[in-house]
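Trainee: So that we are looking at the same thing, I have put the structure below in structure tokens.
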Amino acid sequence: MAVVKLLGAWTSPYVYRVIWALKLKGIPYEYIEEDLSNKSPLLLQYNPIHKKIPVLVHDGKPICESTIILQYIDEIWPQNSLLPTDPYDRAVARFWIKFADDKSPSISKLYRTGGEEQEKAVKECLEMLETIEEHGLIGGKKFFGGDKINMVDMAFSSVAHWLEVIQEVAGVKVFEAQKFPRLNTWIQNFKQVPIIKENLPDRDKMLALLKHRRKMLLASK
Amino acid sequence: MDEVKLFGFWASPFSQRVIWALKLKGVNYEYIEEDIPNNKSNLLLHYNPVHKKVPVLVHGGKAIVESSVILEYIDEVWPQNPLLPNDPYERSVVRFWAKFIDEKTRPMWEFLDKFGEEQEKAISKNFEILKTIEENIGLEEKKFFGGDKIGVADLIFGWVIDILVAQEEVVGVKFIKADTFPRLHAWMKNFGEEPTIKNNVPDHNIIVDYLKKRRQSFRISAHP
Chain U
92 MAVVKLLGAW TSPYVYRVIW ALKLKGIPYE YIEEDLSNKS PLLLQYNPIH
142 KKIPVLVHDG KPICESTIIL QYIDEIWPQN SLLPTDPYDR AVARFWIKFA
192 DDKSPSISKL YRTGGEEQEK AVKECLEMLE TIEEHGLIGG KKFFGGDKIN
242 MVDMAFSSVA HWLEVIQEVA GVKVFEAQKF PRLNTWIQNF KQVPIIKENL
292 PDRDKMLALL KHRRKMLLAS K
Chain L
1309 MDEVKLFGFW ASPFSQRVIW ALKLKGVNYE YIEEDIPNNK SNLLLHYNPV
1359 HKKVPVLVHG GKAIVESSVI LEYIDEVWPQ NPLLPNDPYE RSVVRFWAKF
1409 IDEKTRPMWE FLDKFGEEQE KAISKNFEIL KTIEENIGLE EKKFFGGDKI
1459 GVADLIFGWV IDILVAQEEV VGVKFIKADT FPRLHAWMKN FGEEPTIKNN
1509 VPDHNIIVDY LKKRRQSFRI SAHP
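So the protein sequences, as listed, match chains U and L.
Terminal number for the first sequence in the working numbering: 312, no gaps in between.
Terminal number for the second sequence in the working numbering: 1532, no gaps in between.
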């Protein structure tokens, strides 16, 4: 019987944050794919408030919300730590993790909406990228975590991998390499890290699925 | 010893939670009142260039922003009277409720700024939010959200004992009653009677006055 289970959905950037953390720390786990249009009784039991993935189940106890899961993982399995040790540096890391959490939804809004709503999402996305470029990646570090990736890098999962696919689905151009040179360098470096490179959803499959979803969503409006 | 400064706004629930945390831990600090929203100081903008908001904690010249981040920082630097449990699983539960309360209770302010049917909807929504907290947060076993001592989730919900009460008076509605929300009602009594909390809330009438003016300005902009 697996001690650690992860309930997830293969297209979710929030699920991948948890996968990367578990892999980085060498924690074996059982992965359970959820059909979000038909949520399992297990998911509803483990996350009755939000009914969302990811959910980590450790020794039968559920932990919900990806950033809370990441902090839990880091506290239970301290090897290859995901946060700095100094309290001030931790506060800076937590600031950017919260920023990523608060602003990332604008990325999925790009493909879920059209017209004025989409324009608003484009604006929000641009503001987010500009802030990261101007304030987050200063100091010439390779990653937010320094020489190695940490929780902040993982928190920006949707910027690293999902944004590019979603732009294509949505038919908008928000991220351009020359407009965001630091961010571009960070994305290239991040996706070369073996744990990340080997654990990303298939781009073509995701493109097809999200295109289909967009069609359905816009048709229903 | 490094200097501690707090940039805040007296009517802000976010500032208030930080003040309570510092007081609970007996940390000395200099308080700087910011003129929110129209006249923010250059120092505030320098310390919080991304969000330009209060509260900002400055410790030894280094700025920490975002109230939930500040609370975790305070808890790590000054470990006495901890605001989070020791056990990692219990910490994750408190963090979950702190995040839930933080996110879900923010729109609870809307009933103060809306009128007519929109206000009715906002009031309804507030009852639903409170119901979820009442039914799920496990208060039947504990005095506070984290156990028998005040923790981060309590500090984040704390605005209901002074600001919500004042908002209720301005609008003429009462949310947390003993018969409809027995657990939250008991929590409010326990939290509000803690000396550190009791001695660090703004005067009720001053908040009412401020909120009346705020509601009036929303009324004017809604019906010019």
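Here a beta-carbon is modelled for each residue, glycine too, at the ideal position from N, C-alpha and C.
Going by DSSP, which residues form a beta bridge with V1312 (chain L)?
Mentor: Its beta-bridge partners are L:H1367.
Trainee: For V146 (chain U), write down the residues that DSSP places opposite it in a beta bridge.
Mentor: According to DSSP, which records beta bridges pairwise, V146 (chain U) is partnered with U:L98 and U:C155.
Trainee: With which residues is D1343 (chain L) paired in a DSSP beta bridge?
Mentor: DSSP output for D1343 (chain L) lists L:N1347 as bridge partner(s).
Trainee: Could you tell me which chain U residues have their CB closer than 9 Å to the CB of E1384 (chain L), listed as they occur along the chain?
Mentor: Chain U residues near E1384 (chain L): P178, R181 and A182.
Trainee: What would DSSP say about F190 (chain U), mapped onto helix, strand or coil?
Mentor: F190 (chain U) falls in the helix class under three-state DSSP.
Trainee: Could you give the distance in angstroms between the alpha-carbon of Y202 (chain U) and the alpha-carbon of P196 (chain U)?
Mentor: If I take the Cα positions, the gap works out to 11 Å.
Trainee: Express the C-alpha separation of V265 (chain U) and L121 (chain U) in angstroms, rounding to a whole number.
Mentor: With the sequence shown as reference, residue 121 (chain U) is identified as Glu, and Leu is not the correct amino acid for it. Distance between the alpha carbons of E121 (chain U) and V265 (chain U): 36 Å.
Trainee: If I follow the unbroken alpha helix (DSSP H) through I123 (chain U), where does it start and stop?
Mentor: Looking at the DSSP string, I123 (chain U) is not in any alpha helix (DSSP H); the run it does join, the beta strand (DSSP E), is E121 to E124.
Trainee: Ends of the alpha helix (DSSP H) at I229 (chain U)?
Mentor: First-last for I229 (chain U): undefined, no H or E at that position.
Trainee: Whole angstroms are fine: how far does the CA of K1331 (chain L) sit from the CA of E1311 (chain L)?
Mentor: Going by the C-alpha atoms only, they are around 15 Å apart.
Trainee: Any beta-carbon of chain U closer than 7 Å to the one on E1374 (chain L)?
Mentor: With 7 Å as the cut-off, E1374 (chain L) counts as an interface residue toward chain U.
Trainee: Is it right to say M219 (chain U) is buried, meaning 16 or more other beta carbons lie within 10 angstroms of its own, or is it exposed?
Mentor: Buried is the call here.
Trainee: Thinking C-beta only, is Q162 (chain U) closer than 7 Å to K116 (chain U)?
Mentor: No, Cβ-Cβ distance for K116 (chain U) and Q162 (chain U) is not below 7 Å.
Trainee: Do W1386 (chain L) and V1460 (chain L) count as a contact pair if the criterion is CB distance below 7 Å?
Mentor: Contact: no.
Trainee: Going along the chain, which residues of its own chain have a beta-carbon closer than 8 Å to the beta-carbon of I140 (chain U), five neighbours each way excluded?
Mentor: Only C155 meet the Cβ criterion.
Trainee: Name the residues in the stretch 1351 to 1382 of chain L whose C-beta lies less than 8 Å from a C-beta of chain U; which are they?
Mentor: Going along the stretch 1351 to 1382 of chain L in chain order, one finds P1357, V1358, H1367, K1370, I1372, V1373, E1374, S1376, V1377, I1378, E1380 and Y1381 with a Cβ nearer than 8 Å to chain U.
Trainee: Measuring only between beta-carbons, confirm whether Y1397 (chain L) sits less than 7 Å from chain U.
Mentor: Yes - at least one Cβ of chain U is within 7 Å of the one on Y1397 (chain L).
Trainee: Answer with buried or exposed for E1380 (chain L), where buried requires no fewer than 16 other C-beta atoms within 10 angstroms of its C-beta.
Mentor: It counts as buried.
Trainee: Taking the C-alpha atoms as reference points, what is the distance between N129 (chain U) and L1365 (chain L)?
Mentor: Each residue's alpha carbon lies about 45 Å from the other.
Trainee: Quick one: measure Cβ to Cβ for F1483 (chain L) and L1438 (chain L), integer angstroms, because I've assumed they're closer than 8 Å.
Mentor: The pair is a contact, with the Cβ atoms about 6 Å apart (cut-off 8 Å).
Trainee: Between which residues of its own chain and F1458 (chain L) is the CB-CB distance below 6 Å, once the five residues before and five after are set aside?
Mentor: Reading off the sequence shown, one finds Ile at residue 1458 (chain L), where the question assumed Phe. Closer than 6 Å at the Cβ level, and outside the excluded window around I1458 (chain L), lie F1452.
Trainee: Strictly by DSSP, which residues pair up with G237 (chain U)?
Mentor: In DSSP, G237 (chain U) forms a bridge with U:F234.
Trainee: Can you pull the chain U residues whose beta carbon is under 9 Å from the beta carbon of F1404 (chain L), in chain order?
Mentor: Within chain U, the residues near F1404 (chain L) are I140, I154, C155, E156 and I159.
Trainee: So which of U:I110, U:W111 and U:R273 has the shortest CA-CA distance to E232 (chain U)?
Mentor: Inspection of the sequence shows that residue 232 (chain U) is occupied by Lys rather than by Glu. Looking at the Cα atoms, U:R273 is the closest of the given residues.
Trainee: By the 9 Å beta-carbon criterion, what residues does the stretch 1426 to 1448 of chain L contribute toward chain U?
Mentor: Going along the stretch 1426 to 1448 of chain L in chain order, one finds T1440 and N1444 with a Cβ nearer than 9 Å to chain U.
Trainee: Rounded to whole angstroms, what is the Cα-Cα separation between D1462 (chain L) and V263 (chain U)?
Mentor: For D1462 (chain L) and V263 (chain U), the distance between alpha carbons rounds to 43 Å.
Trainee: Quick check on S1349 (chain L) - is its C-beta less than 7 Å from some C-beta in chain U?
Mentor: With 7 Å as the cut-off, S1349 (chain L) does not count as an interface residue toward chain U.
Trainee: Let me check understanding here. Comparing Cα to Cα, which of U:V94, U:F235, U:P285 and U:E289 lies closest to K152 (chain U)?
Mentor: Residue U:V94 is the option with its Cα nearest to K152 (chain U).
Trainee: Name the residues in the stretch 1322 to 1333 of chain L whose C-beta lies less than 7 Å from a C-beta of chain U; which are they?
Mentor: Listed by position along the chain: nothing, the set is empty.
Trainee: Helix, strand or coil, according to DSSP, for M92 (chain U) in the structure here?
Mentor: Since pLDDT at M92 (chain U) reaches only 49, below the 50 mark, its modelled position is unreliable, and no value is offered.
Trainee: Decide yes or no for the touch test of the stretch 244 to 259 of chain U against the stretch 103 to 116 of chain U: beta carbon pairs closer than 8 Å, at least 3 of them.
Mentor: Cβ pair count under 8 Å is three or more, so yes.
Trainee: When you compare each of L:K1433, L:A1319, L:E1425 and L:L1391 to P1415 (chain L) by their alpha carbons, which one comes out closest?
Mentor: Comparing Cα positions, the closest option is L:K1433.
Trainee: Verify the CB distance criterion: does S1320 (chain L) have a CB-CB separation below 7 Å to chain U?
Mentor: Not an interface residue.
Trainee: Using a Cβ-Cβ distance under 7 Å, would I164 (chain U) count as near chain L?
Mentor: By this cut-off, I164 (chain U) is not an interface position.
Trainee: Out of U:K114, U:I278 and U:L97, state which residue places its alpha-carbon closest to the alpha-carbon of L173 (chain U).
Mentor: Here the closest residue by C-alpha is U:K114.
Trainee: According to DSSP, is I1372 (chain L) part of a helix, a strand, or is it coil?
Mentor: Strand, per DSSP.
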